[in-house]
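Here the sequence shown stands for residues 1 to 488, numbered as in the UniProt record's numbering.
For every residue, glycine included, the Cβ atom is placed at its ideal position computed from N, Cα and C.
Worksheet: one structure, shown below.
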Amino acid sequence: MSQTHTLARNDSNRSRRSIAKLPLTNEPSSSQEQAALRSIFPTYNPEVPLNQQDYFPTQTSPTHIPRAVINRTTWYPEPEEEGREPQQRSPGTSPMNGNSAPRWPRRRVEPPVIPNVSSNEHMKNLWKVSNGWKASASEGRVYCMKLSQEKDAPVYTLSSASQPFYNLRLDPTSASAYVTLSRHDPSKIYKTPSPPSSSSASSILGGVVGHHKDNTNGKAAENKNWQEVLTTTLEEESRKHPPEDGLVALLYPQAAAKMALDRPNDAAAVATAETECARLVWDNDSASHFLVHPALATPFCVAIDRSPAWSRVEYTLEHHESPQHLAKLTRDGTGGGWLEVDTAIASKVDSFFLVDVAVAALLLVAAADEKNAKVETFEPPPAPREPAGAGGERRLSRREEKKKRAAAAAKRGKMEEFEVDIESQDLSFAKLEQVGKETRDKMPWPLRAAFKVLSAVFKCFVWALTLAFKALAAVVRGLARCVGVKSK
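Following this line, the structure appears as C-alpha coordinates:
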(Lines of atoms letter the chains of each structure in order from A and count residues from 1; the text may use other names and numbers.)
(Lines give C-alpha, C1' and ligand atoms only; values in the text may rest on other atoms or scores of the structure.)
Protein backbone atom coordinates (compact mmCIF):
# COMPACT_ATOMS: atom_id res chain seq x y z
CA MET A 1 0.00 0.00 0.00
CA SER A 2 1.23 3.50 -0.61
CA GLN A 3 2.49 5.81 2.10
CA THR A 4 -0.88 7.52 2.58
CA HIS A 5 -3.49 6.11 4.90
CA THR A 6 -6.25 6.33 2.31
CA LEU A 7 -6.16 5.23 -1.29
CA ALA A 8 -7.57 8.32 -3.00
CA ARG A 9 -8.91 8.34 -6.51
CA ASN A 10 -6.45 9.87 -8.95
CA ASP A 11 -6.85 11.02 -12.53
CA SER A 12 -6.34 8.07 -14.81
CA ASN A 13 -6.28 7.62 -18.53
CA ARG A 14 -9.68 6.15 -19.43
CA SER A 15 -8.90 5.79 -23.12
CA ARG A 16 -7.24 2.43 -22.60
CA ARG A 17 -9.27 -0.50 -23.79
CA SER A 18 -8.48 -3.19 -21.22
CA ILE A 19 -9.38 -2.64 -17.61
CA ALA A 20 -6.37 -4.73 -16.61
CA LYS A 21 -3.92 -2.15 -17.97
CA LEU A 22 -2.64 0.31 -15.40
CA PRO A 23 -2.54 4.07 -16.01
CA LEU A 24 0.46 5.37 -17.93
CA THR A 25 2.17 7.04 -14.96
CA ASN A 26 5.52 5.31 -14.57
CA GLU A 27 6.21 4.71 -18.26
CA PRO A 28 8.97 6.82 -19.87
CA SER A 29 7.95 9.54 -22.30
CA SER A 30 8.43 9.07 -26.02
CA SER A 31 10.83 12.01 -26.17
CA GLN A 32 13.42 10.19 -24.10
CA GLU A 33 16.02 8.34 -26.08
CA GLN A 34 15.85 4.59 -25.72
CA ALA A 35 19.03 2.61 -25.23
CA ALA A 36 20.27 0.68 -28.23
CA LEU A 37 19.49 -3.02 -28.28
CA ARG A 38 22.42 -5.25 -27.48
CA SER A 39 22.74 -8.85 -28.51
CA ILE A 40 23.02 -11.50 -25.80
CA PHE A 41 24.95 -13.83 -28.08
CA PRO A 42 28.77 -13.72 -27.88
CA THR A 43 30.71 -12.32 -30.81
CA TYR A 44 33.72 -14.19 -32.11
CA ASN A 45 36.94 -12.22 -31.88
CA PRO A 46 39.44 -13.44 -34.51
CA GLU A 47 42.35 -11.73 -32.76
CA VAL A 48 41.96 -13.84 -29.60
CA PRO A 49 42.63 -17.60 -29.36
CA LEU A 50 39.68 -19.97 -28.94
CA ASN A 51 40.47 -20.77 -25.32
CA GLN A 52 40.35 -17.05 -24.47
CA GLN A 53 37.07 -16.12 -26.18
CA ASP A 54 34.58 -14.20 -24.03
CA TYR A 55 31.55 -16.47 -24.12
CA PHE A 56 29.87 -14.88 -21.11
CA PRO A 57 27.19 -12.22 -21.74
CA THR A 58 28.29 -8.67 -21.07
CA GLN A 59 25.22 -7.95 -18.91
CA THR A 60 23.57 -10.41 -16.54
CA SER A 61 20.18 -8.66 -16.35
CA PRO A 62 18.40 -5.48 -17.46
CA THR A 63 19.44 -2.45 -15.47
CA HIS A 64 15.92 -1.04 -15.01
CA ILE A 65 14.62 -4.23 -13.35
CA PRO A 66 15.68 -4.87 -9.74
CA ARG A 67 17.62 -8.04 -9.17
CA ALA A 68 15.20 -9.18 -6.44
CA VAL A 69 12.27 -9.12 -8.85
CA ILE A 70 13.86 -11.51 -11.35
CA ASN A 71 12.87 -15.06 -10.40
CA ARG A 72 15.46 -16.82 -12.56
CA THR A 73 18.76 -18.02 -11.25
CA THR A 74 21.82 -16.35 -12.67
CA TRP A 75 23.72 -17.97 -15.51
CA TYR A 76 27.02 -17.37 -13.75
CA PRO A 77 28.05 -19.86 -11.07
CA GLU A 78 27.82 -17.95 -7.80
CA PRO A 79 30.66 -18.50 -5.29
CA GLU A 80 29.57 -20.23 -2.10
CA GLU A 81 29.93 -18.37 1.15
CA GLU A 82 32.37 -19.62 3.75
CA GLY A 83 30.92 -21.60 6.61
CA ARG A 84 27.69 -22.28 4.75
CA GLU A 85 26.64 -25.86 4.17
CA PRO A 86 24.24 -26.77 1.39
CA GLN A 87 20.79 -27.67 2.70
CA GLN A 88 19.37 -31.02 1.73
CA ARG A 89 15.57 -30.80 1.76
CA SER A 90 14.69 -34.34 0.77
CA PRO A 91 16.76 -37.45 1.54
CA GLY A 92 15.74 -39.02 -1.77
CA THR A 93 17.91 -36.68 -3.85
CA SER A 94 21.58 -37.33 -4.37
CA PRO A 95 23.95 -34.80 -2.73
CA MET A 96 25.69 -32.42 -5.10
CA ASN A 97 29.41 -31.93 -5.05
CA GLY A 98 30.94 -28.73 -3.77
CA ASN A 99 31.93 -27.32 -7.13
CA SER A 100 28.52 -27.69 -8.81
CA ALA A 101 25.81 -25.07 -8.34
CA PRO A 102 22.07 -25.75 -8.29
CA ARG A 103 20.50 -25.01 -11.64
CA TRP A 104 16.88 -24.61 -10.51
CA PRO A 105 15.39 -23.18 -7.32
CA ARG A 106 14.08 -25.75 -4.90
CA ARG A 107 10.33 -26.21 -4.81
CA ARG A 108 8.20 -25.88 -1.72
CA VAL A 109 7.20 -29.25 -0.36
CA GLU A 110 5.59 -28.07 2.87
CA PRO A 111 1.78 -28.36 2.99
CA PRO A 112 -0.10 -25.04 3.04
CA VAL A 113 -1.00 -23.65 6.43
CA ILE A 114 -4.66 -23.91 7.46
CA PRO A 115 -5.65 -20.74 9.38
CA ASN A 116 -7.66 -20.82 12.56
CA VAL A 117 -11.33 -19.85 12.23
CA SER A 118 -12.21 -16.68 14.14
CA SER A 119 -14.39 -16.96 17.20
CA ASN A 120 -17.82 -15.39 17.53
CA GLU A 121 -16.45 -12.69 19.84
CA HIS A 122 -13.96 -11.59 17.19
CA MET A 123 -16.71 -11.53 14.56
CA LYS A 124 -18.46 -8.76 16.49
CA ASN A 125 -15.68 -6.38 15.42
CA LEU A 126 -16.06 -7.54 11.81
CA TRP A 127 -19.79 -6.84 12.13
CA LYS A 128 -18.97 -3.24 13.07
CA VAL A 129 -16.53 -2.89 10.17
CA SER A 130 -19.10 -4.31 7.75
CA ASN A 131 -21.61 -1.71 8.96
CA GLY A 132 -19.28 1.19 8.12
CA TRP A 133 -16.95 1.47 11.12
CA LYS A 134 -13.31 2.23 10.27
CA ALA A 135 -10.78 0.09 12.12
CA SER A 136 -7.63 1.85 13.27
CA ALA A 137 -4.14 0.57 12.56
CA SER A 138 -3.98 -1.18 15.94
CA GLU A 139 -7.49 -2.63 15.71
CA GLY A 140 -7.21 -3.96 12.16
CA ARG A 141 -6.69 -7.69 11.87
CA VAL A 142 -7.34 -10.67 9.60
CA TYR A 143 -10.62 -12.50 10.18
CA CYS A 144 -11.05 -16.07 8.98
CA MET A 145 -14.43 -17.67 8.25
CA LYS A 146 -15.19 -21.25 7.34
CA LEU A 147 -16.83 -21.85 3.96
CA SER A 148 -19.51 -24.48 3.41
CA GLN A 149 -21.92 -25.15 0.55
CA GLU A 150 -25.29 -26.84 0.49
CA LYS A 151 -25.47 -30.09 -1.42
CA ASP A 152 -26.51 -29.61 -5.06
CA ALA A 153 -27.51 -25.97 -4.42
CA PRO A 154 -25.66 -22.66 -5.04
CA VAL A 155 -25.95 -21.54 -1.41
CA TYR A 156 -22.70 -20.62 0.37
CA THR A 157 -22.28 -20.00 4.10
CA LEU A 158 -19.33 -18.29 5.82
CA SER A 159 -19.34 -19.01 9.53
CA SER A 160 -17.26 -18.41 12.62
CA ALA A 161 -16.23 -21.15 15.00
CA SER A 162 -19.76 -21.44 16.41
CA GLN A 163 -22.38 -19.91 14.09
CA PRO A 164 -22.80 -18.53 10.53
CA PHE A 165 -21.96 -14.95 9.63
CA TYR A 166 -22.45 -14.57 5.84
CA ASN A 167 -24.87 -16.35 3.53
CA LEU A 168 -24.82 -15.97 -0.26
CA ARG A 169 -27.70 -17.43 -2.23
CA LEU A 170 -27.96 -17.76 -6.02
CA ASP A 171 -31.46 -18.26 -7.41
CA PRO A 172 -31.06 -19.27 -11.08
CA THR A 173 -33.36 -17.82 -13.71
CA SER A 174 -33.76 -18.58 -17.40
CA ALA A 175 -30.92 -16.24 -18.41
CA SER A 176 -28.96 -15.38 -15.24
CA ALA A 177 -29.47 -15.57 -11.47
CA TYR A 178 -30.57 -13.46 -8.51
CA VAL A 179 -27.90 -12.90 -5.84
CA THR A 180 -28.68 -12.27 -2.17
CA LEU A 181 -25.97 -11.68 0.45
CA SER A 182 -27.08 -11.72 4.10
CA ARG A 183 -25.29 -11.21 7.41
CA HIS A 184 -26.16 -12.72 10.79
CA ASP A 185 -25.68 -10.62 13.90
CA PRO A 186 -22.99 -12.38 15.99
CA SER A 187 -24.41 -10.90 19.20
CA LYS A 188 -27.61 -12.91 18.63
CA ILE A 189 -27.85 -16.65 19.19
CA TYR A 190 -28.26 -18.55 15.95
CA LYS A 191 -31.21 -20.92 15.83
CA THR A 192 -31.09 -23.79 13.39
CA PRO A 193 -34.05 -23.51 11.00
CA SER A 194 -36.65 -26.21 11.42
CA PRO A 195 -36.82 -28.71 8.55
CA PRO A 196 -39.84 -28.42 6.24
CA SER A 197 -42.74 -30.82 6.67
CA SER A 198 -42.32 -34.11 4.85
CA SER A 199 -45.85 -34.31 3.40
CA SER A 200 -48.48 -31.92 2.16
CA ALA A 201 -51.14 -33.60 4.32
CA SER A 202 -49.36 -32.58 7.52
CA SER A 203 -49.21 -28.96 6.36
CA ILE A 204 -52.93 -29.03 5.48
CA LEU A 205 -53.81 -30.49 8.88
CA GLY A 206 -51.55 -27.95 10.56
CA GLY A 207 -53.34 -25.12 8.78
CA VAL A 208 -56.75 -26.52 9.76
CA VAL A 209 -55.82 -26.94 13.41
CA GLY A 210 -54.21 -23.50 13.55
CA HIS A 211 -50.48 -24.17 13.62
CA HIS A 212 -49.79 -22.57 10.24
CA LYS A 213 -49.64 -19.13 11.81
CA ASP A 214 -47.22 -20.37 14.45
CA ASN A 215 -44.92 -21.78 11.75
CA THR A 216 -44.95 -18.43 9.94
CA ASN A 217 -44.06 -16.62 13.14
CA GLY A 218 -41.27 -19.11 13.79
CA LYS A 219 -39.73 -18.50 10.37
CA ALA A 220 -39.97 -14.76 10.88
CA ALA A 221 -38.19 -15.11 14.22
CA GLU A 222 -35.44 -17.18 12.59
CA ASN A 223 -34.89 -14.59 9.81
CA LYS A 224 -35.07 -11.65 12.21
CA ASN A 225 -31.36 -11.79 13.04
CA TRP A 226 -30.39 -12.03 9.35
CA GLN A 227 -29.82 -8.76 7.52
CA GLU A 228 -29.78 -8.49 3.72
CA VAL A 229 -26.76 -6.39 2.85
CA LEU A 230 -26.51 -6.80 -0.93
CA THR A 231 -28.87 -7.91 -3.69
CA THR A 232 -28.11 -7.95 -7.40
CA THR A 233 -28.72 -9.81 -10.63
CA LEU A 234 -26.03 -11.53 -12.65
CA GLU A 235 -25.72 -10.32 -16.21
CA GLU A 236 -26.09 -12.64 -19.17
CA GLU A 237 -23.06 -14.59 -20.33
CA SER A 238 -22.98 -12.77 -23.66
CA ARG A 239 -22.22 -9.46 -21.95
CA LYS A 240 -18.81 -10.73 -20.83
CA HIS A 241 -17.50 -10.89 -24.39
CA PRO A 242 -16.79 -8.07 -26.86
CA PRO A 243 -18.20 -5.80 -28.09
CA GLU A 244 -19.97 -5.64 -24.69
CA ASP A 245 -18.41 -4.01 -21.61
CA GLY A 246 -17.75 -7.28 -19.73
CA LEU A 247 -20.00 -6.49 -16.76
CA VAL A 248 -20.73 -9.54 -14.59
CA ALA A 249 -22.67 -7.97 -11.71
CA LEU A 250 -23.36 -4.56 -10.21
CA LEU A 251 -22.56 -4.79 -6.48
CA TYR A 252 -24.65 -2.11 -4.76
CA PRO A 253 -24.87 -2.39 -0.94
CA GLN A 254 -28.40 -2.19 0.44
CA ALA A 255 -27.55 0.54 2.96
CA ALA A 256 -26.15 2.83 0.25
CA ALA A 257 -29.09 2.17 -2.07
CA LYS A 258 -31.54 2.90 0.75
CA MET A 259 -29.79 6.19 1.52
CA ALA A 260 -30.01 7.25 -2.13
CA LEU A 261 -33.71 6.33 -2.29
CA ASP A 262 -34.62 8.02 1.00
CA ARG A 263 -32.82 11.28 0.13
CA PRO A 264 -33.07 11.70 -3.65
CA ASN A 265 -32.87 15.51 -3.47
CA ASP A 266 -29.64 15.50 -1.44
CA ALA A 267 -26.79 15.60 -3.97
CA ALA A 268 -24.14 14.78 -1.35
CA ALA A 269 -26.04 11.71 -0.14
CA VAL A 270 -26.57 10.46 -3.68
CA ALA A 271 -22.89 10.99 -4.51
CA THR A 272 -21.82 9.14 -1.35
CA ALA A 273 -24.13 6.26 -2.22
CA GLU A 274 -22.74 6.06 -5.74
CA THR A 275 -19.17 5.78 -4.41
CA GLU A 276 -20.20 2.53 -2.70
CA CYS A 277 -21.43 0.87 -5.91
CA ALA A 278 -18.77 -1.46 -7.34
CA ARG A 279 -18.71 -3.43 -10.57
CA LEU A 280 -17.49 -6.99 -11.06
CA VAL A 281 -16.04 -7.06 -14.58
CA TRP A 282 -14.55 -9.75 -16.81
CA ASP A 283 -11.55 -8.71 -18.93
CA ASN A 284 -10.91 -10.72 -22.08
CA ASP A 285 -7.35 -9.45 -22.55
CA SER A 286 -6.11 -10.87 -19.26
CA ALA A 287 -8.83 -13.54 -18.84
CA SER A 288 -9.42 -12.37 -15.26
CA HIS A 289 -12.12 -10.82 -13.12
CA PHE A 290 -11.68 -7.28 -11.79
CA LEU A 291 -13.53 -5.44 -9.04
CA VAL A 292 -13.90 -1.81 -10.13
CA HIS A 293 -14.54 0.43 -7.12
CA PRO A 294 -15.23 4.17 -7.47
CA ALA A 295 -12.99 4.94 -4.48
CA LEU A 296 -9.88 3.70 -6.33
CA ALA A 297 -8.33 4.79 -9.59
CA THR A 298 -7.30 1.24 -10.52
CA PRO A 299 -9.40 -1.87 -9.89
CA PHE A 300 -8.81 -4.88 -7.69
CA CYS A 301 -7.74 -8.01 -9.54
CA VAL A 302 -9.13 -11.43 -8.62
CA ALA A 303 -6.08 -13.69 -8.95
CA ILE A 304 -6.73 -17.44 -9.18
CA ASP A 305 -4.00 -19.81 -8.01
CA ARG A 306 -4.62 -23.53 -8.50
CA SER A 307 -2.74 -26.18 -6.57
CA PRO A 308 -3.60 -29.64 -7.97
CA ALA A 309 -1.13 -31.29 -5.60
CA TRP A 310 -3.12 -30.14 -2.55
CA SER A 311 -6.53 -30.01 -4.33
CA ARG A 312 -6.95 -26.33 -3.55
CA VAL A 313 -7.88 -23.18 -5.43
CA GLU A 314 -7.15 -19.70 -4.05
CA TYR A 315 -9.08 -16.61 -5.14
CA THR A 316 -7.21 -13.48 -3.99
CA LEU A 317 -8.44 -9.90 -4.21
CA GLU A 318 -5.22 -8.03 -4.99
CA HIS A 319 -4.30 -4.42 -5.68
CA HIS A 320 -1.03 -3.29 -7.23
CA GLU A 321 -0.58 -0.57 -4.57
CA SER A 322 -0.92 -2.96 -1.62
CA PRO A 323 1.62 -5.64 -0.64
CA GLN A 324 -1.10 -7.37 1.41
CA HIS A 325 -4.34 -8.62 -0.09
CA LEU A 326 -7.74 -7.39 1.01
CA ALA A 327 -9.44 -10.80 0.98
CA LYS A 328 -8.60 -14.35 -0.02
CA LEU A 329 -10.93 -17.31 -0.56
CA THR A 330 -9.49 -20.83 -0.44
CA ARG A 331 -11.48 -23.85 -1.60
CA ASP A 332 -10.43 -27.46 -1.16
CA GLY A 333 -11.44 -30.60 -2.98
CA THR A 334 -14.45 -31.25 -0.71
CA GLY A 335 -16.21 -28.04 -1.77
CA GLY A 336 -15.51 -26.29 1.54
CA GLY A 337 -12.70 -23.99 2.54
CA TRP A 338 -12.26 -20.65 4.27
CA LEU A 339 -12.23 -16.91 3.56
CA GLU A 340 -9.86 -14.35 5.06
CA VAL A 341 -10.59 -10.60 5.27
CA ASP A 342 -8.07 -7.95 6.36
CA THR A 343 -9.83 -4.99 7.99
CA ALA A 344 -6.58 -3.03 8.20
CA ILE A 345 -6.43 -2.90 4.39
CA ALA A 346 -10.15 -2.16 4.16
CA SER A 347 -9.77 0.85 6.47
CA LYS A 348 -7.32 2.48 4.01
CA VAL A 349 -9.94 2.57 1.25
CA ASP A 350 -12.47 5.40 1.31
CA SER A 351 -15.49 3.09 1.43
CA PHE A 352 -17.88 2.09 4.20
CA PHE A 353 -19.17 -1.24 2.89
CA LEU A 354 -16.08 -2.56 1.11
CA VAL A 355 -16.03 -5.82 3.10
CA ASP A 356 -19.50 -6.86 1.92
CA VAL A 357 -18.61 -6.04 -1.68
CA ALA A 358 -15.32 -7.97 -1.49
CA VAL A 359 -16.99 -11.05 0.01
CA ALA A 360 -19.73 -11.03 -2.63
CA ALA A 361 -17.21 -10.61 -5.46
CA LEU A 362 -15.01 -13.51 -4.34
CA LEU A 363 -17.95 -15.87 -3.85
CA LEU A 364 -19.40 -14.98 -7.26
CA VAL A 365 -16.05 -15.57 -8.98
CA ALA A 366 -15.63 -18.90 -7.17
CA ALA A 367 -19.15 -19.99 -8.14
CA ALA A 368 -18.57 -19.04 -11.79
CA ASP A 369 -15.18 -20.78 -11.81
CA GLU A 370 -16.71 -23.96 -10.36
CA LYS A 371 -19.50 -23.84 -12.93
CA ASN A 372 -17.14 -23.37 -15.89
CA ALA A 373 -14.42 -25.72 -14.65
CA LYS A 374 -13.14 -27.98 -17.39
CA VAL A 375 -13.30 -31.67 -16.52
CA GLU A 376 -10.44 -33.53 -18.14
CA THR A 377 -11.47 -36.51 -20.23
CA PHE A 378 -8.99 -39.07 -21.43
CA GLU A 379 -9.40 -41.09 -24.61
CA PRO A 380 -8.96 -44.87 -24.36
CA PRO A 381 -5.72 -46.31 -25.71
CA PRO A 382 -5.79 -47.33 -29.37
CA ALA A 383 -6.62 -50.93 -30.19
CA PRO A 384 -3.65 -53.12 -31.16
CA ARG A 385 -3.14 -53.42 -34.87
CA GLU A 386 -3.67 -56.76 -36.55
CA PRO A 387 -0.81 -58.10 -38.67
CA ALA A 388 -1.25 -57.34 -42.36
CA GLY A 389 -1.69 -60.08 -44.95
CA ALA A 390 -3.98 -63.06 -45.59
CA GLY A 391 -3.42 -64.46 -42.11
CA GLY A 392 -4.77 -61.26 -40.58
CA GLU A 393 -7.87 -61.37 -42.78
CA ARG A 394 -8.52 -65.00 -41.82
CA ARG A 395 -8.21 -64.19 -38.12
CA LEU A 396 -10.54 -61.25 -38.60
CA SER A 397 -13.15 -63.40 -40.37
CA ARG A 398 -12.89 -66.08 -37.67
CA ARG A 399 -13.44 -63.49 -34.96
CA GLU A 400 -16.45 -62.08 -36.79
CA GLU A 401 -17.93 -65.59 -37.14
CA LYS A 402 -17.41 -66.24 -33.43
CA LYS A 403 -19.14 -62.97 -32.55
CA LYS A 404 -22.11 -63.80 -34.82
CA ARG A 405 -22.45 -67.28 -33.32
CA ALA A 406 -22.33 -65.89 -29.79
CA ALA A 407 -25.03 -63.32 -30.63
CA ALA A 408 -27.30 -65.98 -32.18
CA ALA A 409 -26.82 -68.28 -29.18
CA ALA A 410 -27.68 -65.43 -26.83
CA LYS A 411 -30.90 -64.73 -28.77
CA ARG A 412 -31.92 -68.40 -28.69
CA GLY A 413 -31.20 -68.57 -24.99
CA LYS A 414 -33.39 -65.55 -24.32
CA MET A 415 -36.31 -67.05 -26.32
CA GLU A 416 -35.99 -70.37 -24.49
CA GLU A 417 -35.95 -68.60 -21.14
CA PHE A 418 -39.09 -66.68 -22.12
CA GLU A 419 -40.94 -69.86 -23.11
CA VAL A 420 -39.85 -71.60 -19.93
CA ASP A 421 -41.11 -68.65 -17.91
CA ILE A 422 -44.58 -68.84 -19.55
CA GLU A 423 -44.82 -72.57 -18.91
CA SER A 424 -43.69 -72.12 -15.34
CA GLN A 425 -46.40 -69.48 -14.82
CA ASP A 426 -49.10 -71.87 -16.17
CA LEU A 427 -47.82 -74.64 -13.95
CA SER A 428 -47.83 -72.33 -10.95
CA PHE A 429 -51.52 -71.44 -11.50
CA ALA A 430 -52.44 -75.14 -11.79
CA LYS A 431 -50.50 -75.90 -8.64
CA LEU A 432 -52.33 -73.13 -6.79
CA GLU A 433 -55.73 -74.52 -7.81
CA GLN A 434 -54.72 -78.03 -6.78
CA VAL A 435 -53.42 -76.81 -3.43
CA GLY A 436 -56.69 -74.89 -2.81
CA LYS A 437 -58.77 -77.99 -3.60
CA GLU A 438 -56.65 -80.13 -1.26
CA THR A 439 -57.03 -77.61 1.57
CA ARG A 440 -60.82 -77.54 1.11
CA ASP A 441 -60.98 -81.35 1.19
CA LYS A 442 -59.00 -81.44 4.44
CA MET A 443 -61.43 -79.05 6.20
CA PRO A 444 -64.23 -80.54 8.47
CA TRP A 445 -67.65 -81.18 6.92
CA PRO A 446 -69.50 -78.29 8.68
CA LEU A 447 -67.09 -75.74 7.20
CA ARG A 448 -67.27 -77.40 3.80
CA ALA A 449 -71.10 -77.29 3.93
CA ALA A 450 -70.99 -73.61 4.95
CA PHE A 451 -68.64 -72.77 2.06
CA LYS A 452 -70.94 -74.63 -0.39
CA VAL A 453 -74.01 -72.79 0.90
CA LEU A 454 -72.22 -69.43 0.65
CA SER A 455 -71.07 -70.15 -2.90
CA ALA A 456 -74.64 -71.16 -3.89
CA VAL A 457 -76.08 -68.00 -2.32
CA PHE A 458 -73.48 -65.88 -4.14
CA LYS A 459 -74.33 -67.55 -7.47
CA CYS A 460 -78.04 -66.96 -6.85
CA PHE A 461 -77.36 -63.31 -6.04
CA VAL A 462 -75.39 -62.85 -9.23
CA TRP A 463 -78.14 -64.62 -11.21
CA ALA A 464 -80.81 -62.36 -9.67
CA LEU A 465 -78.79 -59.23 -10.49
CA THR A 466 -78.40 -60.41 -14.07
CA LEU A 467 -82.15 -60.95 -14.41
CA ALA A 468 -82.86 -57.54 -12.89
CA PHE A 469 -80.50 -55.80 -15.33
CA LYS A 470 -82.05 -57.66 -18.26
CA ALA A 471 -85.59 -56.71 -17.14
CA LEU A 472 -84.52 -53.09 -16.70
CA ALA A 473 -82.99 -53.09 -20.17
CA ALA A 474 -86.23 -54.52 -21.65
CA VAL A 475 -88.33 -51.84 -19.91
CA VAL A 476 -86.03 -49.07 -21.19
CA ARG A 477 -86.17 -50.53 -24.68
CA GLY A 478 -90.01 -50.65 -24.58
CA LEU A 479 -90.23 -47.06 -23.36
CA ALA A 480 -87.93 -45.99 -26.14
CA ARG A 481 -90.17 -47.67 -28.72
CA CYS A 482 -93.23 -45.95 -27.27
CA VAL A 483 -91.54 -42.59 -27.51
CA GLY A 484 -90.54 -43.27 -31.10
CA VAL A 485 -86.80 -43.81 -30.84
CA LYS A 486 -85.65 -46.38 -33.34
CA SER A 487 -82.97 -48.79 -32.24
CA LYS A 488 -80.06 -49.17 -34.60
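The alpha-carbon separation between Phe300 and Lys151 amounts to approximately 31 Å. If you check the CB distance, Ser148 and Gly336 come in under 8 Å. For Ala249, the enclosing beta strand (DSSP E) has its first and last residue at 247-251. Going by beta carbons, Tyr166 and Arg183 fall inside the 8 Å limit. No Cβ-Cβ contact shorter than 8 Å links Val302 with Ser286.
Ser307 sits in a strand when the DSSP states are folded into three classes. Per DSSP, Asp356 is one residue of the alpha helix (DSSP H) stretching across 354-371.
Note that the C-beta distance between Glu235 and Leu247 is below 8 Å. Taking every protein chain shown into account, the CB of Lys348 has 16 or more other CB atoms within 10 angstroms, so this residue is buried. Looking only at Lys128, Leu363, Ala344, the smallest Cα-Cα distance to Leu329 is reached by Leu363.
Secondary structure of Glu228 (DSSP, three-state): strand. Counted as a single uninterrupted DSSP element, the beta strand (DSSP E) harbouring Asp342 occupies residues 337-342.
The shortest C-alpha to C-alpha distance from Thr231 to any of Val357, Ser162, Ser130 is the one to Val357. Counted as a single uninterrupted DSSP element, the beta strand (DSSP E) harbouring Phe165 occupies residues 164-172. Between Ala256 and Ala273 a beta carbon distance of about 4 Å is seen, short of the 8 Å cut, so the two are scored as contacting. Judged by DSSP secondary structure, Cys277 falls outside any beta strand (DSSP E); it is assigned neither H nor E. Between the alpha carbons of Asp245 and Asp305 lies a distance of about 25 Å. Burial of Arg331 is indicated by the presence of at least 16 other C-beta atoms within 10 angstroms of its C-beta. When Met145, Gly132, Ala468, Thr298 are compared, the shortest CA-CA separation from Met123 is found for Met145. Minimum Cα-Cα distance from Asp350 among the listed residues Asn116, Phe41, Val129, Leu50 corresponds to Val129.
Spanning the alpha carbons of Phe469 and Glu438 requires a straight line of approximately 37 Å. In this structure, the CA atom of Cys460 is about 10 Å from the CA atom of Thr466. Cβ-Cβ separation between Pro164 and Tyr190: approximately 6 Å, consistent with a contact (criterion under 8 Å).
Contact annotation: Ala344 and Arg141 have beta-carbon atoms nearer than 8 Å.
Judged by DSSP in its simplified three-state form, Lys402 adopts helix.
The beta carbons of Ala361 and Leu291 sit closer together than 8 Å.
Counted as a single uninterrupted DSSP element, the alpha helix (DSSP H) harbouring Phe458 occupies residues 445-483. Counting only the Cα atoms, Val359 lies some 16 Å from Trp226. Only buried fits Val229, as 16 or more other CB atoms lie within 10 angstroms of its CB. Look at Leu326 here: in three-state DSSP terms it is coil, with no helix or strand label. Ser187 and Trp338 have their C-alpha atoms roughly 22 Å apart. CA-to-CA, the gap between Pro115 and Asn51 works out to about 58 Å.
Annotated three-state conformation of His289 is strand, per DSSP. Short of 6 Å from the beta carbon of Leu126, and not among the five residues preceding or following it, lie these beta carbons of its own chain, in chain order: Tyr143. Looking from the CA of Asn120, the closest CA among Glu401, Lys134, Ser159 belongs to Ser159.
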